[in-house]
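Asks: Submitted below is the structure of interest, expressed as structure tokens.
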């Protein structure tokens, strides 16, 4: 599995699934994979255009799409959606993150 060149997270600062939870998890992933991350805040007009495009093209798109959504971007231009938060309690989102970190997929990214 090739190593990503960047992680992008689409979030909002008012969302408890996003900040601090998913932002911290994205930072952890950034350290684990030794790649930078960028935050795309849906309340910032410039960032929302980029985030909407990522979600529309690669993510879990709907009229009012769920956040956070996390994407890996690879040197060859490929983008892979890897995570969408849940509308239930933030603890559900936390468990999903922990499942992702313990998955064979993530272990493959790290190796």
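Residue numbers (our numbering): 55 to 165. Using N, Cα and C, we set each Cβ at its ideal position, and we do this for glycine too. Since the structure is predicted, the reported quantities are computational estimates derived from the model, not experimental observations.
Have a look at the DSSP bridge pairing and note the partners of residue 135.
Replies: According to DSSP, residue 135 bridges with 125.
Asks: What does a CB cutoff of less than 8 Å around residue 140 pick up in its chain, not counting 5 residues either side in sequence?
Replies: Excluding positions up to five away in sequence, the list reads 71, 120, 146, 147, 150.
Asks: Could you say which of 75, 108, 99 lies nearest to residue 143 if we only look at CA atoms?
Replies: The residue with the shortest Cα to Cα distance from residue 143 is 75.
Asks: Which same chain residues, not among the five before or five after residue 60, have their C-beta less than 8 Å away from its C-beta?
Replies: These residues qualify, in order along the chain: 89, 90, 91, 92, 126, 127.
Asks: Roughly how many angstroms separate the alpha carbons of residue 131 and residue 68, rounded to a whole number?
Replies: Distance between the alpha carbons of residue 131 and residue 68: 31 Å.
Asks: Looking at the strands, I want to know which residues DSSP matches up with residue 108.
Replies: DSSP, once it has assigned bridges, lists no residue as partnering residue 108.
Asks: Express the C-alpha separation of residue 65 and residue 153 in angstroms, rounding to a whole number.
Replies: Approximately 20 Å, taken between the alpha carbons.
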